[in-house]
Structure formats: C-alpha cells, structure tokens
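Note sheet for the following structure.
2 protein chains.
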Amino acid sequence: MQRPRTTIGDVARTAGVSVATVSKVINGRYGVAAATSQRVQRVIDDLGYESSLVARSLRSLRTNVIGILVAEFEPYSTELLKGVSSAVQGTGYELLAYSGGGRAGGHAGWERRYLSRLSGTLIDGAILVTPTVVDAEYGIPVVAIDPHTGPSGFPTVDADNFSGALSATEHLIALGHTRIGHLAGRADLESSRLREAGYRTALERAGLDVDPELIRVGGYRSDDAEQPARELLTLSRRPSAIFAANDLSAIRTMEVAGELGLSVPGDVSVVGFDNVPESALAQPPLTTVNQPMQAMGRAALGLLIDLLDGKERDAHVQLPTELVVRGSTRRLRL
Amino acid sequence: MQRPRTTIGDVARTAGVSVATVSKVINGRYGVAAATSQRVQRVIDDLGYESSLVARSLRSLRTNVIGILVAEFEPYSTELLKGVSSAVQGTGYELLAYSGGGRAGGHAGWERRYLSRLSGTLIDGAILVTPTVVDAEYGIPVVAIDPHTGPSGFPTVDADNFSGALSATEHLIALGHTRIGHLAGRADLESSRLREAGYRTALERAGLDVDPELIRVGGYRSDDAEQPARELLTLSRRPSAIFAANDLSAIRTMEVAGELGLSVPGDVSVVGFDNVPESALAQPPLTTVNQPMQAMGRAALGLLIDLLDGKERDAHVQLPTELVVRGSTRRLRL
DNA sequence: CTGTTAGCGCTTTCAA
DNA sequence: TTGAAAGCGCTAACAG
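Residue numbers (full-length UniProt numbering), protein chains in the order written: chain A, 1 to 334; chain B, 1 to 334.
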C-alpha cells in the first residue's frame with residue numbers, strides 16, 4: 001500500500017536536472033531557462049508531484065497556511081470555522097484547523113501545546129478559539145477569539161457578553177419570573193464571568209435578590225451541564241426560569257427537565273446563549289442570545305491577515321449580541 | 001516578535017545532554033538512566049518545550065494525527081467534522097482538518113493535491129469529504145465520504161441518496177403536486193445522480209411525465225443555485241414544487257422565491273436534502289431529507305482507525321436517510 | 001543558467 | 001547509558 005510519494009528528487013532525476021532547479025521552477029524563482037522550466041513542469045505534471053508542506057515549512061518561513069486551533073469541533077467552533085472559511089476565499093491562504101482528541105482541551109494551556117506542535121512553521125499565523133492561557137509570546141502572529149482572560153493587550157475578537165446576558169435575564173424578568181436560576185459556564189472563562197455579571201446586574205436592577213443557591217456551574221459542555229441542571233430543577237423551591245450560559249447546556253437543561261417530567265416552557269422557561277444552529281432545532285426551539293459567530297470568524301481572519309502583512313490593527317474587536325426569542329420561554333402564570 | 005520556538009537542541013543544551021538523549025526521553029525509549037530522564041523531563045517542563053509535528057513527521061512514520069480534507073468548511077462538512085471529533089475522543093489520535101482557500105475545491109482533483117501536501121507524513125491517514133477523483137493509490141490509508149464516483153473498491157461512507165430522493169419526491173406527489181421541478185447537484189457527483197434518479201423514479205412510478213425543462217443544475221453551492229432557481233420560478237408554466245438536491249440550494253431557492261414575490265409554501269413548495277442545522281432555521285423551516293452526517297463522520301473515523309490498525313473492514317458503509325417534514329411544503333390547492 | 005552545499009528539527013542506527 | 005552522525009524533503013546561499 002505505502003507507495004512512497006513522489007519527491008522533488010524523483011522529479012529532478014526524471015527531468016535530468018538538480019533538485020535545486022526543480023525547486024526554483026516550483027517557486028517561480030528567476031534564473032531558469034525557459035526550456036528547462038517547461039521540461040521540469042511537464043515532469044511535475046506527469047508525475048503528479050506536489051511539494052510536501054512538511055518539508056517545505058521546515059525550511060522556509062512562509063507556508064501561506066493559517067491555523068485555527070480549537071479544543072474540539074463542536075457547534076461553536078464550527079460556526080467560527082464557517083466564517084473564517086468564507087473569508088479566506090481569495091486571500092491566497094489555506095486553512096488548517098487543528099484539534100487534539102480527547103481531554104486535551106480540558107488541560108489548561110492546550111493552545112500552547114498545539115501552537116508549539118504546529119509552529120516552526122507549519123502555519124504563518126493562528127486563530128485561537130477560546131484559549132485559556134493567553135501567553136505573551138507565541139513566535140507567530142496570533143489572534144484570539146473569546147479568550148479566557150478577556151482582551152489582554154493582544155488582538156482579540158469577542159461578542160458583547162455582558163449586554164447579551166443582561167437582555168436575556170431582563171427578558172425573563174419581563175415575563176414575570178422572579179426565581180431565575182443560572183447555569184454558569186466555565187469558571188475560568190472571561191465570557192462566562194461576564195454572562196454571570198449580566199445576570200446579576202439584571203436581577204439587581206429589577207430589585208430581585210440574587211440567591212446563591214440558584215447559581216450552578218455547568219461548564220459550557222453538554223455532559224458537564226447535566227448534573228447541575230438536575231440540581232437546579234429538583235430544588236424544593238424550584239426556579240421558574242433558567243438562564244444557561246450557552247446553548248449546549250441550555251439544551252441539556254431542557255432534556256433533563258423532560259426526564260423529570262417538567263414541561264418547557266410550561267413549568268420552566270429556559271434561555272441559552274450563542275444561537276448555534278442546534279438551538280433552533282431543539283424542542284421547543286430555544287430562546288437564546290445571538291452571537292454573530294461567523295462574523296467573528298471573519299473578523300479574526302481579517303485581523304490576522306493584517307498582522308501578517310505587517311499592518312498593526314486595532315487590537316480588540318467586539319461584536320454586538322442580540323436576544324432571539326423562540327419557544328422555550330413564556331410568561332409566568334401566577 | 002518572532003522569538004524562535006524552543007527546539008530539542010535548546011533542551012539538550014540546558015540539560016547538558018545530547019539531542020539524541022532528549023529524543024529518547026520524549027519517546028520513552030529504553031536505554032536512558034532514570035536520573036537523566038528526570039533531569040531532561042524537568043527541563044522540558046521548565047522550557048515548555050513541545051516537539052514540532054513538522055520536524056517529527058519528516059523523520060518518522062507515525063504522527064497519530066488524522067487528516068480530514070474538505071474543499072470548504074460549509075454546513076455539510078462541519079457536521080461531519082463534529083461527528084469525527086466526538087468519535088476521536090479517547091482514541092489517542094488528533095485531528096487536522098485542511099481546506100484550501102478559494103477555488104481550490106472547484107478544481108477536480110483538489111483532494112489529490114491536498115493529500116500530497118500533507119502526506120509524507122504529517123498525517124497517518126485521511127478522511128476525504130466528497131472527493132471528485134477517487135484515485136487508486138494515495139500512499140496512506142484513506143476513507144472517502146460521499147465520493148464523486150460512488151463506492152469504488154475502497155472504503156467509503158455514504159447515505160442512501162436514492163431512497164431519500166424517492167421519499168422527498170413522493171412526499172410532494174402525495175401532497176397533490178404534479179409539476180415538480182428539480183434543482184440538481186453537481187453533475188460530477190454520484191450522490192447528485194442518485195438524487196436525480198430518485199426524483200425521476202418517483203415521478204415515473206406515479207405515472208407523471210418527467211419534463212426536462214423542469215430539471216436544472218444547481219451545483220450544491222448556494223451561489224451557483226441562484227440562477228437556475230430563478231429560471232425555474234419564472235417559467236411560464238411554473239412548477240408548484242421544487243425538490244432541490246441539497247439544503248443550501250433549497251434555502252437559496254426560497255430566497256429567490258421571496259424576491260420574486262412568491263410565497264413558500266403558499267405558491268411553491270420546496271424540499272431540500274441533508275438536514276443541515278441551517279435548514280431548520282430557514283423561514284419557513286425547510287422540509288428536507290435527513291442524512292445522518294455526524295454518524296457518517298463517526299463511521300468514517302471507525303473505518304480509518306481499523307485500517308490504520310491493519311484490520312481490513314467492510315469497504316462500504318451506507319447509512320439510511322429519512323424525510324423530515326417541516327414548513328416549506330403544503331398540499332396543492334386546486 | 002545550473003548545480004553543490006548546508007542546514008531546518010527531529011529520530012534512529014551504531015559506536016564509544 | 002550516552003552521543004555522533006546520517007538523513008527525511010525541501011529551500012537558499014553561493015559557486016561554477
């Protein structure tokens with residue numbers, strides 16, 4: 001099976017020239033006779049030769065490949081990916097999305113590891129999705145989307161998490177809910193903190209108490225949300241509404257409610273955050289806060305390309321969020 | 001900015017040993033004194049060293065990285081990606097999704113180019129999404145999802161396109177439609193041909209004529225679908241229903257209908273294919289044929305890993321499709 | 001205009 | 001148990 005791939009050496013031998021000459025032809029360098037160039041080109045076509053990204057990148061400084069590093073391919077990161085992909089068209093760059101399997105994403109600092117692995121340089125620059133540690137120096141230009149620490153002195157794209165959480169909670173309050181639970185995100189993420197802050201602020205503005213018992217950590221991942229969702233829904237004084245820190249945990253919350261024989265939105269209203277496509281598919285369709293993920297991906301790519309071109313750009317881009325009311329919330333019946 | 005990354009040489013120098021020794025420690029080879037090993041390990045941790053995938057792959061045959069090659073990150077390929085990503089957890093493999101920017105996906109044979117670039121070996125095996133040319137020998141184990149030519153003597157995963165198209169068209173016929181247009185996919189794709197065959201068969205079984213004027217090529221991409229959709233909808237004897245070969249072109253068809261002042265499903269019913277999450281978000285929600293994309297991704301990964309482990313597996317996996325009725329189709333009013 | 005040479009960071013014999 | 005040296009495929013000086 002493992003027929004070794006054709007190398008530049010094979011091409012050189014077949015064409016009767018040196019590898020250096022072939023390299024020049026491939027890269028369009030000056031100093032090759034037209035006739036030679038054509039002959040080499042023919043051999044390249046005949047053999048179906050394509051230069052190895054690996055070998056090339058070991059030697060040269062540019063590969064025209066942009067990396068996008070994610071902990072896992074889930075709805076959020078894939079939406080970003082769609083945005084980046086649409087924006088990369090015509091820029092001359094190719095895209096390489098990298099994700100460790102398994103729990104790598106769980107370890108803080110996964111982005112450092114991945115970057116180290118790919119650097120050197122398989123990629124010219126990288127987009128980090130939800131990195132936990134935003135270290136100072138990475139060796140290559142880097143843009144972060146929704147980083148752990150929030151904007152911290154280097155290029156960042158995020159959404160207005162605070163306002164989004166505020167309007168989500170205000171929506172529930174406007175519907176007459178007063179006992180509103182919150183399924184928080186990962187404690188180490190700035191976005192998570194901002195969403196909780198929006199929740200608290202909305203309650204306070206409405207003159208409602210913030211009951212610590214109603215706040216649980218769901219951790220953004222569906223699996224991790226199950227247990228805390230169950231706790232909230234089996235409280236003796238059960239909340240009549242829950243604001244989950246992202247759609248995945250909101251959807252899981254609705255599933256748990258179903259298992260407990262509770263109807264959404266009949267017995268409990270649920271609001272999510274992100275507006276991933278899956279939220280509209282849920283039963284009932286999830287009321288959520290839209291985060292313009294594809295636009296964020298495009299913005300990140302724009303920042304990164306400017307960086308690669310040596311143009312310094314405004315270090316921080318924040319895009320607006322917006323409440324999307326669907327079927328998982330309803331007015332509280334007294 | 002470009003602080004060069006720490007290399008194995010840096011580690012060796014700091015630890016006062018040779019690079020060879022460091023390499024052995026990293027790879028857990030025998031023949032290193034425990035004390036030395038510990039000292040080297042400490043330096044590695046201190047320096048935050050991570051070996052370069054690039055350099056390593058140039059030398060050794062395994063990288064434990066699986067490639068997934070796509071023409072573009074759009075809803076279909078990202079759904080597959082989610083499936084592959086969930087299945088890769090715990091296998092010890094990492095994932096590298098690669099996509100050329102721009103029109104690379106348009107050129108037939110893009111998968112060959114990408115594979116050549118990544119081979120040699122950045123990746124141990126690859127999953128090819130909708131490859132156009134399924135060449136015999138690629139040098140590394142390869143599994144194709146929904147290939148151009150259909151199952152052709154090497155491992156393939158696809159969905160039951162014919163049955164899906166059949167039930168989509170039968171659904172329209174059952175609703176009383178008799179003039180049913182078809183917006184076909186890319187002419188070079190087997191899946192596209194099968195969907196058209198399902199459409200034709202359903203019409204024939206119902207004793208309806210297949211009017212060639214009602215069949216246009218939409219090409220699976222949203223942009224490419226606009227013109228043919230417009231043509232169908234402005235025909236003097238306009239069809240009362242359209243079966244589009246995938247969701248993206250179905251959604252575009254609905255948009256075009258809107259621009260033309262036609263209501264969906266009031267004036268024209270529309271059915272798609274794939275059931276990408278976006279289809280449920282469309283206005284109105286799209287009736288479509290579900291293709292279990294995440295399961296297909298998981299199946300492809302399973303096949304590939306078995307191949308990598310030297311286990312030969314059943315070369316062809318076909319998953320069932322299923323009609324999902326939503327709001328874009330309705331009974332024809334006479 | 002073309003070829004020789006020297007690495008890029010790493011793994012792997014093979015000697016010491 | 002360790003290290004020196006070769007070489008993976010390629011590019012970039014530099015010589016011829």
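All C-beta atoms in this analysis are idealised placements derived from N, C-alpha and C, irrespective of residue type, glycine included.
Of all the options the options, which has the alpha carbon lying nearest to the alpha carbon of residue i?
| i | options | result |
| --- | --- | --- |
| ARG331 of chain B | B:ALA174, B:ARG200, B:VAL70 and B:GLU259 | B:ALA174 |
| SER191 of chain A | A:SER279, A:PHE162, A:ARG179 and A:ILE180 | A:PHE162 |
| GLY100 of chain A | A:ARG113, A:LEU262 and A:GLU94 | A:ARG113 |
| TYR220 of chain B | B:LEU214, B:GLU213, B:ALA229 and B:PRO212 | B:ALA229 |
| LEU96 of chain A | B:VAL65, B:TYR76 and B:THR178 | B:VAL65 |
| SER249 of chain A | A:LEU260, A:ASP224 and A:GLY48 | A:ASP224 |
| VAL317 of chain A | A:ASP45, A:THR21, A:ASP160 and A:ARG56 | A:ASP160 |
| residue 338 of chain A | B:ASP309, B:LEU208 and B:PRO277 | Residue 338 of chain A lies beyond the range of chain A shown here (1 to 334); nothing can be said about it. |
| ARG179 of chain A | A:ALA187, A:ASP188, A:GLY185 and A:THR169 | A:THR169 |
| ARG193 of chain B | B:GLY125, B:LEU208, B:PRO285 and B:ALA165 | B:ALA165 |
| LEU214 of chain A | A:ARG237, A:GLY48 and A:ALA15 | A:ARG237 |
| SER116 of chain A | A:PRO75, A:GLY67, A:PHE73 and A:VAL88 | A:GLY67 |
| LEU262 of chain A | A:ASN246, A:GLY272, A:LEU235 and A:ASP247 | A:LEU235 |
| TYR98 of chain B | B:GLY109, B:GLN89, B:THR36 and B:GLU72 | B:GLU72 |
| ALA184 of chain A | A:GLY109, A:LYS311 and A:PHE243 | A:PHE243 |
Kindly list, in the order they appear in chain B, the residues whose Cβ is closer than 8 Å to that of residue i.
| i | result |
| --- | --- |
| SER119 of chain A | ARG5 and SER52 |
| LYS82 of chain A | PHE73, GLU74, PRO75 and THR78 |
So, helix, strand or coil for residue i, using DSSP?
| i | result |
| --- | --- |
| ILE140 of chain A | coil |
| GLY297 of chain A | helix |
| VAL324 of chain B | strand |
| ALA315 of chain A | coil |
| ARG216 of chain A | strand |
| residue 338 of chain A | Since the first residue shown for chain A is 1 and the last is 334, residue 338 of chain A is missing from the structure and cannot be characterised. |
| LEU248 of chain B | helix |
| ALA241 of chain A | strand |
| ILE8 of chain B | helix |
| THR253 of chain B | helix |
| SER57 of chain B | helix |
| LEU189 of chain B | coil |
| ILE66 of chain A | strand |
| THR78 of chain A | helix |
| VAL210 of chain A | coil |
| MET1 of chain B | With a pLDDT of only 37 at MET1 of chain B, under 50, the local geometry of the prediction cannot be trusted, and no value is derived from it. |
| SER163 of chain B | helix |
| SER269 of chain A | strand |
Grab the span of the alpha helix (DSSP H) containing residue i for me, first residue to last.
| i | result |
| --- | --- |
| ALA224 of chain A | The displayed chain sequence assigns Asp, not Ala, to residue 224 of chain A. 222-233 is the extent of the alpha helix (DSSP H) around ASP224 of chain A. |
| GLN38 of chain B | 34-47 |
| VAL19 of chain A | 19-27 |
| GLU111 of chain B | 110-118 |
Going by DSSP, what residue range makes up the beta strand (DSSP E) through residue i?
| i | result |
| --- | --- |
| ASP158 of chain B | 156-159 |
| ALA97 of chain B | 94-99 |
| GLY181 of chain A | 180-184 |
| ALA126 of chain B | 125-129 |
| THR288 of chain B | 288-290 |
Return the Cβ separation of residue i and residue j in integer angstroms, given the expectation that the two are a contact with Cβ distance under 8 Å.
| i | j | result |
| --- | --- | --- |
| LEU81 of chain A | GLY218 of chain A | Going by Cβ atoms, the distance from LEU81 of chain A to GLY218 of chain A rounds to 24 Å, so no, they are not a contact pair. |
| ILE123 of chain A | VAL143 of chain A | Incorrect: roughly 12 Å between the Cβ atoms, too far for contact. |
| ASN275 of chain A | GLN294 of chain A | With 8 Å as the limit, ASN275 of chain A and GLN294 of chain A do not qualify as a contact, their Cβ atoms being about 11 Å apart. |
| THR121 of chain A | THR63 of chain A | 6 Å |
| residue 347 of chain B | THR329 of chain B | It is not possible to answer for residue 347 of chain B, since the shown part of chain B is limited to 1 through 334. |
| VAL84 of chain A | LEU301 of chain A | 5 Å |
| THR130 of chain A | PRO141 of chain A | Contact doesn't hold; Cβ gap of about 18 Å is too wide. |
What residues from chain B crowd round residue i, counting only those whose CB sits closer than 7 Å?
| i | result |
| --- | --- |
| PRO277 of chain A | PRO277, GLU278 and LEU281 |
| ARG113 of chain A | GLU50 |
| GLY222 of chain A | According to the sequence displayed, residue 222 of chain A carries Ser and not Gly. Residues of chain B passing the Cβ test: none, with the nearest at roughly 11 Å. |
| LEU58 of chain A | VAL54, ALA55 and LEU58 |
Name the chain A residues whose beta carbon is nearer than 9 Å to that of residue i?
| i | result |
| --- | --- |
| ARG42 of chain B | Within 9 Å Cβ-Cβ: nothing; ARG42 of chain B doesn't reach chain A, min ~17 Å. |
| GLY164 of chain B | Per Cβ cutoff of 9 Å: no residues; GLY164 of chain B is ~19 Å from chain A at best. |
| LEU122 of chain B | SER52, LEU53, VAL54 and LEU122 |
Given that residue i touches chain A, what residues does it touch there, using C-beta distances under 8 Å?
| i | result |
| --- | --- |
| ALA20 of chain B | Ordered by position in chain A, no residue passes the 8 Å Cβ test against ALA20 of chain B, which lies about 19 Å from the chain. |
Mind checking whether the beta-carbon of residue i lies closer than 7 Å to any heavy atom of the ligand GDP?
| i | result |
| --- | --- |
| ALA241 of chain B | The ligand GDP is absent from the structure shown, which contains no ligands of any kind. |
Could you name the residues of chain A that residue i contacts, counting a contact when the two beta carbons are closer than 7 Å?
| i | result |
| --- | --- |
| SER116 of chain B | ARG5 and GLU50 |
| SER328 of chain B | Per Cβ cutoff of 7 Å: no residues; SER328 of chain B is ~14 Å from chain A at best. |
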